[in-house]
Amino acid sequence: MARRFEGKSFARTRIVRKGKPLAQTYVRYAPDVEVLAPNEDALTAEILDVMARTNRRAFDRHHHAVRDAHAKSHGFLKGELIVPALPGYLRQGLFASPATYPVVIRLSSAPGDIHSDTIPAPRGMAIKVLGVEGQRLLQDDAGGNQDFLLVNIPTLSFGTIGKYRQLIGLLEKNAENPAFLQRAMAGVARGVEAAVEAVGIEPGATLRGLARDNDHLLGETYHSMAAIRFGDYIAKISAAPLSDNVRALTGKAVGTVEDSTMRDLVVEHFRREGAEYQLRAQLCADLDKMPVEDAAVLWPEELSPHQTIATLRIPAQEAFSPARRVYGDDVLSFNPWHGVREHQPLGSIMRVRIAAYDRSTRRRHEWNAQPRVEPTTIDEIPD
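Sequential numbering of the sequence shown, starting at 78, is according to the working numbering.
Pasting the structure below:
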């Protein structure tokens with residue numbers, strides 16, 4: 078369990094809820110909020126081996142290398158992140174001063190292979206913020222960008238590295254199942270989830286992920302699931318629909334689902350109109366109730382609400398042109414460790430990603446004979 082801080086390690090701020098001031102205490106970041114898991118190095122090596130095997134099988138099927146996770150893209154978008162003047166305690170990292178940053182966004186499905194959209198799956202939103210100054214987390218990261226990787230589930234049931242090792246073993250086995258069996262498993266999960274909720278027990282995030290219906294992915298709220306450093310503090314990050322057009326899509330069933338329905342929905346939407354999302358931070362207020370080392374724990378909003386820190390504005394555009402698809406799938410990389418020290422990923426689930434994302438990216442670029450580069454301007458992203 079993460080260590081608890083003494084009083085001197087806390088910062089006291091004041092926020093306003095429903096017109097009334099409320100004293101709110103946030104935990105200060107310090108290196109010892111992280112506690113290494115037993116056998117973490119060995120578990121990391123096993124996880125990397127499973128991911129490599131799965132990735133190799135996908136390459137043999139497609140004769141093309143895909144990502145170890147979130148292999149299927151549904152759209153690549155150019156937009157901007159608008160940071161307003163924030164209260165002092167939220168002025169952290171890239172959010173320290175009002176600014177507008179160019180961003181590139183990738184929408185995806187979570188599995189590490191390309192499956193039909195008829196198989197329900199969690200969806201992802203990866204955000205690359207360009208031109209962020211600060212000390213880099215990785216020595217060989219000279220791109221000057223900040224990545225946030227979000228999924229439309231707030232927690233991960235297998236939220237520690239030990240439990241995650243169990244999860245990827247199950248996912249590896251399920252990946253070999255025919256599509257109809259995977260759909261059947263999702264249907265069973267929906268039934269189990271309903272039964273669990275009926276007796277008042279919170280279903281796990283992995284169960285919720287298997288049980289998800291194919292709702293419109295542009296109406297979803299996306300979460301970092303695990304914690305990151307937020308300058309002087311600790312936070313989880315999320316992106317929630319803001320503009321009326323995407324808020325209207327929240328929970329909206331998409332009707333008949335075919336192999337690439339999600340891509341088609343994204344392309345059709347952005348050919349006609351844009352979208353806005355609010356980027357939010359939920360600051361840690363209690364290390365026991367809002368742990369860093371267990372991404373399975375849902376941080377209670379009554380202890381710390383989600384607070385808007387920026388607006389993500391995406392104009393109408395062609396979201397999946399041939400040139401943009403090739404650049405996004407074969408050249409572009411997203412990595413939670415692409416960033417500045419003020420937004421360091423935290424916890425064992427994030428630590429395993431240091432090696433996992435690096436190996437996956439190197440392998441994908443090598444097998445596809447593509448350069449491994451970070452964009453320095455938004456103009457590098459094809460139209």
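Ideal Cβ positions, reconstructed from N, Cα and C, are used throughout, including at glycine.
Owing to the predicted nature of the structure, the values given are computational and were not obtained by experimental measurement.
Nearest to residue i by alpha carbon, out of the options?
| i | options | result |
| --- | --- | --- |
| T385 | L154, A162, E370 and I124 | A162 |
| L244 | D336, A387 and I124 | I124 |
| M202 | F411, D435 and I311 | F411 |
| A107 | F307, V417, E457 and R357 | F307 |
| L423 | I458, E111, S381 and D292 | E111 |
| D321 | R436, D336, A393 and G351 | G351 |
| R200 | I314, R441 and I230 | I230 |
| L295 | S381, D224 and I391 | I391 |
| A173 | D309, Y241 and H442 | D309 |
| T237 | N116, T131 and G416 | N116 |
| T121 | K155, K240, G165 and F225 | K240 |
| Q355 | L364, H300 and D126 | H300 |
| V403 | R441, K366, G220 and L375 | R441 |
| H375 | R418, T232, P452 and F347 | Inspection of the sequence shows that residue 375 is occupied by Leu rather than by His. Among R418, T232, P452 and F347, the Cα nearest to that of L375 belongs to T232. |
| A393 | K366, T327 and H346 | H346 |
| E353 | E379, L389, L167 and E457 | L389 |
| A119 | N445, D456, W444 and S425 | S425 |
| S185 | A396, R348, T453 and T327 | A396 |
| E451 | V323, D218, T327 and E378 | D218 |
| V344 | S398, D126 and A114 | S398 |
Could you tell me the distance, in whole angstroms, from the CA atom of residue i to the CA atom of residue j?
| i | j | result |
| --- | --- | --- |
| R439 | D341 | 30 Å |
| A325 | N222 | 32 Å |
| A100 | L319 | At A100, the pLDDT of 41 sits below 50, so the modelled position is not reliable; the number obtained from the coordinates is stated separately. Cα-Cα distance, rounded: 27 Å. |
| C361 | D371 | 13 Å |
| L409 | H141 | 15 Å |
| H192 | M128 | 17 Å |
| P179 | L207 | 6 Å |
| M302 | A373 | 8 Å |
| G332 | L226 | 28 Å |
| D109 | L364 | 12 Å |
| N445 | G165 | 46 Å |
| D456 | K205 | 14 Å |
| S337 | Y103 | 43 Å |
| R428 | R242 | 13 Å |
| V369 | T298 | 21 Å |
| I311 | L167 | 11 Å |
| G220 | K155 | 17 Å |
| D137 | R130 | 11 Å |
Would you identify the three-state DSSP class for residue i, choosing helix, strand or coil?
| i | result |
| --- | --- |
| S315 | strand |
| P422 | strand |
| L154 | strand |
| I245 | helix |
| T327 | coil |
| H463 | An answer regarding residue 463 cannot be provided, because it is not within the stretch 78 to 460 covered by the chain. |
| V143 | coil |
| V417 | strand |
| R213 | strand |
| L360 | strand |
| D194 | coil |
| V112 | coil |
| H346 | helix |
| N222 | coil |
| I431 | helix |
Using the DSSP secondary-structure output, state which residues sit across from residue i in a beta bridge.
| i | result |
| --- | --- |
| Y310 | F307 |
| L463 | The structure shown does not extend to residue 463, since the chain spans only 78 to 460, so no value can be given for it. |
| K149 | S186 |
| V180 | G156 and V206 |
| H300 | V228 and S315 |
| T388 | I159 and Q355 |
| D292 | A330 |
Skipping 5 residues on each side, what residues in its chain have a beta carbon closer than 7 Å to that of residue i?
| i | result |
| --- | --- |
| Q421 | L214, I305 and R306 |
| G405 | S150, F153 and R183 |
| W414 | L214, L215, P422, R430, I431 and Y434 |
| A272 | At A272 the pLDDT is 39, less than 50, meaning the model places this residue with poor confidence and gives no usable figure here. |
| P175 | V160, P161 and A162 |
| R329 | The residue asked about is misnamed: residue 329 is Lys in this sequence, not Arg. Within the same chain, K329 has close Cβ partners D292, H293 and G296. |
| E419 | Q169, G170, G211, R306 and G308 |
Within its chain, find whatever has a CB closer than 6 Å to the CB of residue i; leave out the 5 residues flanking it on each side and keep chain order.
| i | result |
| --- | --- |
| T195 | V334 |
| Q447 | D407 and V408 |
| D145 | M128, N132, G189 and S437 |
| A135 | V143 and D190 |
| S381 | Q359, L360 and A362 |
| M367 | C361 and W376 |
| V449 | A small fix is needed here, since residue 449 is Arg in this sequence, not Val. Taken in chain order, the residues that qualify are H442. |
| M339 | H151, D194 and L294 |
| R348 | none |
Among the residues of its own chain, which have a CB less than 8 Å from the CB of residue i, if the five just before and after it don't count?
| i | result |
| --- | --- |
| R357 | I314, S315, A316, A317, H383, Q384, T385 and I386 |
| A400 | P459 and D460 |
| T177 | E157, L158, I159 and V160 |
| A187 | A146, H147, A198, P199, R200, G201, V228 and G286 |
| V417 | G170, L171, V209, E210, G211, Q212, R213, L214 and Q223 |
Answer yes or no: the CB of residue i versus the heavy atoms of the ligand HEM, is any distance below 8 Å?
| i | result |
| --- | --- |
| L319 | For the ligand HEM, the structure offers nothing, since it holds no ligand at all. |
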